[in-house]
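Q:
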Amino acid sequence: MEQEIKNLIKDALNNLSIEVSNIVLEHPENSSNGDYSTNVALAISKSVERNPKELAEKIITEIIRLNIDKNIEKIEVAGNGFINFYLSREFFRKSIEEILNNPENFGKNNSLEGKKIMVEYTDPNPFKPFHIGHLMSNAIGESISRLVEFSGAKTTRANYQGDVGLHVAKAIYGLLENEKLQNKIGSNALQASNIGRAYARGAELYEIDEKIKKEIDEINKKLYIKDNDKKDKKINEIYEWGFKVTMEAFEDLYKILGTKFDFYFLESMMADIGREIVNDNMGKIFEESEGAIVFKAEKYNIEGQPKFHTRVFITSQSLPTYETKELGLTAEKFKTYPEMDLSIVVTANEQMDYMRVVAKAISLIHPEYEKKMFHITHGMMRLTTGKMGSRKGNVITGEFLLNDARDAILEKMTDRDFSPEEEEKVANEVSVSALKYSILKQSIGGDIVFDFEKSISFEGDSGPYLQYSYARANSILEKAQKENILPDPHAFLPEIFEVEKLLYKFPEVVLRSAKEYEPHYIVNYLIEVARSFNSFYGNNIIVNKEDKTSSYKIALTYAFSFVMKNGLRLLGIVAPKKM
RNA sequence: GCCCUUGUAGUUCAAUGGAUAGAACGAAGCUCUUCUAAGGCUUUGAUGUAGGUUCGAUUCCUACCAAGGGCACCA
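Numbering (the working numbering), first residue to last: 5 to 583.
1. Quick test of the definition: if touching needs 3 or more C-beta pairs under 8 angstroms, does the segment 372 to 385 touch the segment 331 to 348?
2. Is S21 helix, strand or coil when you go by DSSP?
3. Residue range of the beta strand (DSSP E) that Y358 falls in?
4. Which residue from I13, I100, R420 and S36 puts its Cα closest to that of K581?
5. How close, in whole Å, do the beta carbons of I79 and F89 come, if the pair is a contact with beta carbons under 8 angstroms?
6. Should I380 be counted as a contact of the ligand MG given a C-beta to heavy atom distance under 7 angstroms?
7. Quick one: any contact between the segment 181 to 199 and the segment 146 to 153, if contact means 3 or more CB pairs under 8 angstroms?
8. Tell me whether the beta-carbon of A352 lies closer than 8 angstroms to the beta-carbon of G137.
9. Under the three-state reduction of DSSP, which class applies to I199: helix, strand or coil?
10. Based on DSSP bridge pairs, tell me the residues matched to R315.
11. What are the boundary residues of the beta strand (DSSP E) that F537 is part of?
12. What are the residues that DSSP puts in a beta bridge with S347?
13. Just curious, the beta strand (DSSP E) that L116 is in, first and last residue?
14. Once DSSP output is grouped into helix, strand and coil, what is the label at V547?
15. Looking at F317 and T160, is the spacing between their C-beta atoms short of 8 angstroms?
16. In whole angstroms, give me the CA-to-CA distance for S191 and F254.
17. Please give me, in chain order, every unbroken run of the alpha helix (DSSP H) with length at least 4 that falls completely inside the segment 36 to 94.
18. Measuring only the C-alpha atoms, how far is L323 from I531?
19. Pick helix, strand or coil for I452, following the three-state DSSP scheme.
20. From the DSSP output, in three-state form, read off K509 for me.
21. Would you call the CB atoms of G206 and Y243 closer than 8 angstroms?
22. May I ask you to report which of helix, strand or coil DSSP gives Y268?
23. Please specify which runs of the beta strand (DSSP E), each continuous and at least 3 residues long, are wholly inside the segment 200 to 271, giving them in chain order.
24. Would you check if there are 3 or more beta carbon pairs closer than 8 angstroms linking the segment 109 to 127 to the segment 408 to 422?
25. If you draw a straight line from the alpha carbon of Y474 to that of N528, how long is it in whole angstroms?
26. Would the beta-carbon of I281 fall within 8 angstroms of that of A335?
27. Taking the alpha-carbon positions, what's the Q471 to T401 distance?
28. If you pair each beta-carbon of the segment 224 to 238 with each one of the segment 433 to 446, do three or more pairs fall below 8 angstroms?
29. Between the segment 20 to 29 and the segment 41 to 48, do three or more beta carbon pairs fall short of 8 angstroms?
30. Give me whichever residues DSSP pairs with R386 in a beta bridge.
31. Rounded C-beta distance between I67 and L12? I'm assuming under 8 angstroms.
32. According to DSSP, what are the bridge partners of S293?
33. If you follow the beta strand (DSSP E) that T159 is part of, which residue opens it and which one closes it?
34. Which of the three DSSP states, helix, strand or coil, is assigned to T334?
35. DSSP state of R573, grouped into three classes?
36. Give the range of the alpha helix (DSSP H) segment to which S146 is assigned.
Structural data, given as structure tokens:
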């Protein structure tokens, strides 16, 4: 429709001998200003030295003279010279029909058709808690994965995890100090939370006790021993158990969160690969400085662009830094998935600067990778009570949040007749939705001030509100089936509802969201759609044998439920039929 | 000091250079013998400061102020 109207305007301008390179057509915020609007008369009024309102009138006359198809009800001049297009009943009727004809695919686009994309996100570390920061990365990464998938890309999901390093040694120290924490009974989550506690203890002592600091450093060195015979048996045993149990606990969480990774990359594997790359490029890209091996990226600064800086890749102790591992990781990704067109990495924005430096180094080695790497950074989770850090132990784990949200939801669900399994399943789906929604509702660059109460709220601006709207629609559809009234998008109904004016826009919103990697456009759109549907629901009796237009209202309800379901899926949220 | 983010109702967030700057929470009121009241319907309130570009600026540019992050051997 958008293109048709644009062509119409273009032809009209042509006939008036006015040339315009780019016609802007948008949806007015307020639907009383029409369904589409163009500012073209305002934009060109100066260059043609005409009054914009008069010009707009002329353009409209010309459009009407040219052709006015039955999708357009009327065209008006408004404000200072906007031209507003009002779509017809017939257009909205057809758009409902279109949704019903292909519900699964409604909203898809082919902007990334055939592209192969890998998205790396979540990245929790074994031996450390899975906290709300990881939840944030997971929600964003999963949604972006689904957005590019819905745009035609073949998408794979990757997770990169720090299985070596000081944090492991700290956790192991904590476990050695308090053997009770090594209890191997209970769920993965329970065992993992004990390990998390051991980590917090170890991290605390590392800061305040010199002697313990040395012990932990010693454990760390032992962890790097590769020869099986020389390994410390006890430490090794704890490591194997701890690694397994924390990784499995993460896996349990991914299941609840709705993520399934295709690739797991471990930091320990990347060090050697990265080191080799550094060695191969000594003198060309990397150089020695103060005993360390560094990349002096500032040599590549470009006027007007953010500046690079020097980063250490191999320390003077001859240990590879994170930069080197990242180098190895990127190489490994392209090796694992050679036909890859785009490698997206989702991390917090504190990593932005050094990722730029690493990316620069990589693109000097592999110029063909330069355009294939994309780093998406999100803000930080901030607590209303202050800063959170896993070292300080004041972390809110994903487990804890999900459990709490689920308990609150279970209390609310008492009046539905669910089997215990169903109840558990739906409660999980609703709690995930509450949390994901509170993360995805804002643009991803900024920090999120995390309010526990609000994050599990079910009212107003929330994930459960969207799910609830879907469940209500579904219950109407069940009733319609029982009463044997079939949906009919051809049935006549003179009134055009607000919800109809929104439903046809879904594909545009998806496209924009995918192009900008911004799930919040979907969120805002779904809230608007849900609100308009709830209003429609409140003011109309939809299933009614006496009402000849009932079958159209049911068709509309179907269309809404399909859009809502597809939209929620893009956010990584499941839409339960009952709640 | 330099580089990135971000400054919008009391609070948390929206607004591809457009019209009367949208929601939600909070507060006040109304609404279930109709399909899920986790709902609907009313009322209330905001663009950090100073310039510039533009027919038009929350949006773009410059300076300042404020918050957060980053800038050599941590990740």
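We treat Cβ as the ideally placed atom computed from N, Cα and C, and that holds for glycine.
A: In brief:
1. yes
2. coil
3. Per DSSP, Y358 belongs to no beta strand (DSSP E); it is in the alpha helix (DSSP H), M356 to I369.
4. R420
5. 6 angstroms
6. Ligands in the displayed structure: none, and consequently the ligand MG is not present.
7. no
8. yes
9. helix
10. F299
11. Element bounds for F537: not the beta strand (DSSP E) but the alpha helix (DSSP H), H524 to N543.
12. M122 and M377
13. Taken as a continuous stretch (DSSP letters only), L116 belongs to no beta strand (DSSP E), as it is neither H nor E.
14. coil
15. no
16. 12 angstroms
17. 44 to 49 and 56 to 70
18. 50 angstroms
19. strand
20. coil
21. no
22. strand
23. 267 to 270
24. no
25. 16 angstroms
26. yes
27. 25 angstroms
28. no
29. yes
30. V453
31. 5 angstroms
32. A296
33. K158 to Q165
34. helix
35. helix
36. Per the sequence presented here, residue 146 reads as Glu, with Ser not at that position. That run of the alpha helix (DSSP H) goes I136 to F154.
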